[in-house]
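Student: Residue numbers (the numbering used here), protein chains in the order written: chain A, 168 to 453; chain B, 1145 to 1476.
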Amino acid sequence: MNAQFWIIQAFNGVSYGALLFLVGSGLSLIFGVMRIVNLAHGSYFLLGGYVALTVIWTTGSWLLAIPVAACSIALIGLMMERVFLRPLGFDPLRQVLLTVGFAFLFQQAALDIWTGNNFDINPPAVLSQSVAVGGIFFPLYRAFMIAMAIAIGVGLWLVMDKTRMGAAVRATVDDAQMARGVGIDTSRISMFIFALGALLAALGGVIGGAFLGVYPGLDFEILPLAFAVVIIGGMGSLGGAAIGALLVGLADNFGKALFPEVSYFTLYAPMALILAVKPTGLFGRE
Amino acid sequence: MTSQPIKVLVVAVILAALAIVVPNTNSFVILLVTRALAFSILVMSLDILLGYTGLASLGQAAYLGVGAYLTAILATKFQFGLGYDFWLVMLLGILIGAALAAIFGLLAIRASGVYFLMITLALGQCVWGLAYRWNSLTGGDNGINLRVRPKFGPVDLANEVTFFYLVFFVFAASLLLMYMLVRSPFGRSLVGIRERELRMKILGYNTWLHKYLAFVMAGGFGGLSGVLWAHTAGIVSPINVELTSSVDALLMAVLGGAGTLVGGVIGAFIVFGLREYLSTVVPWWQYVLGAVYVLTILYLPTGLMGIPERIRQYRASKGNEQGEKKLAAAAS
Chain A
168 MNAQFWIIQA FNGVSYGALL FLVGSGLSLI FGVMRIVNLA HGSYFLLGGY VALTVIWTTG
228 SWLLAIPVAA CSIALIGLMM ERVFLRPLGF DPLRQVLLTV GFAFLFQQAA LDIWTGNNFD
288 INPPAVLSQS VAVGGIFFPL YRAFMIAMAI AIGVGLWLVM DKTRMGAAVR ATVDDAQMAR
348 GVGIDTSRIS MFIFALGALL AALGGVIGGA FLGVYPGLDF EILPLAFAVV IIGGMGSLGG
408 AAIGALLVGL ADNFGKALFP EVSYFTLYAP MALILAVKPT GLFGRE
Chain B
1145 MTSQPIKVLV VAVILAALAI VVPNTNSFVI LLVTRALAFS ILVMSLDILL GYTGLASLGQ
1205 AAYLGVGAYL TAILATKFQF GLGYDFWLVM LLGILIGAAL AAIFGLLAIR ASGVYFLMIT
1265 LALGQCVWGL AYRWNSLTGG DNGINLRVRP KFGPVDLANE VTFFYLVFFV FAASLLLMYM
1325 LVRSPFGRSL VGIRERELRM KILGYNTWLH KYLAFVMAGG FGGLSGVLWA HTAGIVSPIN
1385 VELTSSVDAL LMAVLGGAGT LVGGVIGAFI VFGLREYLST VVPWWQYVLG AVYVLTILYL
1445 PTGLMGIPER IRQYRASKGN EQGEKKLAAA AS
């Protein structure tokens, strides 16, 4: 347990957190705007990875795979919201169960289309190298993940904080009824946010596919982690999602390295405690 | 509304028919029904929370999990619970489920609606995390295999028919107990809390305590179903406490009809039937399951048990329409 161990584990934790930010921020926004607990969010992540694989197999281009996967899953999310969730009304339980039904349907569809095998998404050779800094080797790909998450995070923040659209979204998070009252089309906002959330999750699936792999069951493995991010960070808050993702990524990595037998417990028990003390999360608004 | 005694009679007749018919079928059906009955206890326990108290829990599998792991660990590590002491294990299963719920309830009961959903999810994941990672106790990912079923006196539970009867009677007793619970004044006040908690508070009810006790009792029944599940499946693994397992229980309760107890049992039978029978017939069985869920939630919010009521309403509204037409015709 020297300095090298701590540095490498911290680096891994932060890069895992970067991935979790992509999944968690979308989930958090969806919850904030629509009060929907979207249990199909892990499916978007998994499907994103699968679509990317198909694009890579047919065109051989990893760069092309990212936007194609993200946009096609965004379209699926958009349709799900328009056709099924919106007409359902605001009963949280029914919404949750509906998203589970879809998660099962997606699971089966993925199994049929992409078989049950484990796949890896191989990034371009440039990114698969390692860079030595001070005698420690850092995989470049993980650095790329962190950079990507920061870029997306900053982009999201700019949209949410500086644009009219962002202001409308924030107003909807704070008080949807009031927002409707002052003439904000909250229905369109939810559609936009749901598609955006799906897009971010799919993006995470493509980028995470390089080191998590793409396999059946990944959807329900990533989902509770994404929820941990959302809950710790506070629902509907972007900054919260970033901090939550960082904490979960670090806790997961150090937990597995230091006390493997209780590693998941040390992740979810604080999550439950935070919920019990402050249901809106550490950085969520009342 | 069909009167209550007739409903009870129908359920009793169906149960009796089940007890007579199932042992005479093949072992595939016997195992299927045994599994569904054992799991049904968990679904009914969830229904007490969901249907009667209005608390949707996304972590109910945790209680089945502790009951099942307790049974498996006692049996494999201590050779305990394989004779007459199996009844003691059942009691311990109830107690450990209730004890876990007593701890979790302290954290969860304050929350409501979506937040209750999330906190029970987190608590369920705590149990899953331990089951998955605590290798020395739980066998980690591989789980624990139970090679022998209990045997006491002339009763050998390795025989599938004997085991079916055991599960059947425990199930029937649980159903009866839970039915008495929801019909009791206590159960009535739970329904009151579901409908309007503030009013119950103003009337002087300690709603927190009511919800807490319901939560603990549901946990106890969950633990009991775990004990049976361990010996039914012959293996206990983290899959049993996964999020999907809790979600399954929730869907079964809603599919059959929340707030009816037997609805959850019907839901369990349909889901187990689809999953274990249909999966042997067609490879795309999961589409059917997913579609059943989606369609139920979209078009049958009250579940299958709500169908007769909907037909009656439909007929009544139709009757009204006809009556109005006649009136209109008479007027002109």
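In this text, a Cβ means the ideal position worked out from N, Cα and C, and glycines have one as well.
(1) When the Cα atoms are used, what is the spatial distance from Ser1189(B) to Gly1363(B)?
(2) Between the alpha carbons of Ile1263(B) and Val218(A), how many angstroms are there, rounded?
(3) Please list, in chain order, the residues of the region 413 to 428 of chain A that have any C-beta partner in chain B closer than 8 Å.
(4) Whole angstroms is fine: what's the gap from Glu248(A)'s alpha carbon to Met358(A)'s?
(5) Below 8 Å on the Cβ atoms is my guess for Leu1319(B) versus Ala1200(B); work out the distance and round it to an integer in Å.
(6) Closer than 8 Å by beta-carbon distance: list the chain A residues that pair up with Val1426(B), in chain order.
(7) Going by DSSP in three states, Lys445(A) sits in which element: helix, strand or coil?
(8) Which residues mark the beginning and the end of the alpha helix (DSSP H) in which Phe1248(B) is found?
(9) Among Pro1294(B), Lys1469(B) and Ile1337(B), which residue has its Cα nearest to the Cα of Gly1257(B)?
(10) Can the beta-carbon of Gln1269(B) be found closer than 7 Å to that of Tyr435(A)?
(11) For the ligand MG, is there any heavy atom lying closer than 6 Å to the beta carbon of Gly406(A)?
(12) Would Phe387(A) pass as an interface residue toward chain B - the criterion being a Cβ-Cβ separation below 7 Å?
(13) Run through the DSSP bridge pairs and tell me what Lys1470(B) is partnered with.
(14) Is there a C-beta anywhere in chain A that falls below 7 Å from the one on Gln1269(B)?
(15) Is it the case that the Cβ atoms of Ile360(A) and Leu196(A) are separated by a distance below 7 Å?
(16) Val204(A) versus chain B: which residues are under 8 Å apart at the beta carbon?
(17) Are Gly1408(B) and Gly1211(B) touching if we call contact CB-CB under 7 Å?
(18) Applying the 10 Å Cβ sphere with the 16-neighbour rule, what's the burial state of Gly400(A)?
(19) 7 Å is my cut-off, CB to CB: does Leu1433(B) come that close to chain A?
(20) Classify Phe1315(B) as buried or exposed, calling it buried when 16 or more other Cβ atoms lie within 10 Å of its own Cβ.
(21) Just tell me which of Leu1265(B), Val1432(B) and Met1234(B) has its CA closest to the CA of Gly1249(B).
(22) Between Ala1216(B) and chain A, is any beta-carbon pair separated by less than 7 Å?
(23) Answer with buried or exposed for Leu1310(B), where buried requires no fewer than 16 other C-beta atoms within 10 angstroms of its C-beta.
(24) Rounded to whole angstroms, what's the CA-CA distance from Ser295(A) to Gly376(A)? Just pull it up for me.
(25) Can you check the region 1158 to 1183 of chain B for any beta strand (DSSP E) of at least 3 residues that lies completely inside it and give the ranges in chain order?
(26) Please confirm if Leu398(A) has its CB atom under 7 Å from at least one CB of chain B.
(27) Is the beta carbon of Gly1401(B) sitting closer than 7 Å to the one on Gly1348(B)?
(28) In the DSSP assignment, what are the bridge partners of Pro306(A)?
(29) So Pro427(A) packs on Ala1255(B), CB below 8 Å; how close in whole Å?
(30) Does Tyr1458(B) pass the burial test, meaning 16 or more other C-beta atoms within 10 Å, or should it be called exposed?
(31) Below 9 Å on C-beta distance, what does Gln274(A) contact in chain B?
(32) List the endpoints of the continuous alpha helix (DSSP H) containing Ala1302(B).
(33) Which residues, taken in chain order from the region 247 to 279 of chain A, show a beta carbon closer than 9 Å to some beta carbon of chain B?
(34) Alpha carbon to alpha carbon, what distance is there between Tyr1196(B) and Leu1334(B)?
(35) Would you call the region 179 to 187 of chain A in contact with the region 407 to 416 of chain A, where contact means no fewer than 3 C-beta pairs closer than 8 Å?
(36) So that I know if they touch, is there some Cβ in chain B lying closer than 7 Å to that of Ser430(A)?
Tutor: Let's see:
(1) 7 Å
(2) 33 Å
(3) Pro427 and Glu428
(4) 6 Å
(5) So it is not a contact: roughly 21 Å between Cβ atoms.
(6) Those within 8 Å of Val1426(B) in chain A number zero; the least Cβ separation is about 11 Å.
(7) coil
(8) Phe1230 to Ala1252
(9) Ile1337(B)
(10) yes
(11) The ligand content of the structure shown is nil, which means the ligand MG is not present either.
(12) yes
(13) DSSP lists no partner for Lys1470(B).
(14) yes
(15) yes
(16) Val1258, Leu1261 and Met1262
(17) no
(18) buried
(19) yes
(20) buried
(21) Leu1265(B)
(22) no
(23) buried
(24) 13 Å
(25) none
(26) Strictly speaking, residue 398(A) in this sequence is Ile, with Leu absent from that position. So, interface residue.
(27) no
(28) Ser297(A)
(29) Not quite, the Cβ-Cβ distance comes to about 31 Å (not below 8 Å), so this is no contact.
(30) exposed
(31) Gln1430 and Gly1434
(32) Per DSSP, Ala1302(B) belongs to no alpha helix (DSSP H) and is neither H nor E.
(33) Phe251, Pro254, Leu255, Asp258, Pro259, Leu260, Arg261, Gln262, Val263, Leu264, Leu265, Val267, Gly268, Phe269, Ala270, Phe271, Leu272, Phe273, Gln274, Gln275, Ala276, Leu278 and Asp279
(34) 6 Å
(35) yes
(36) yes
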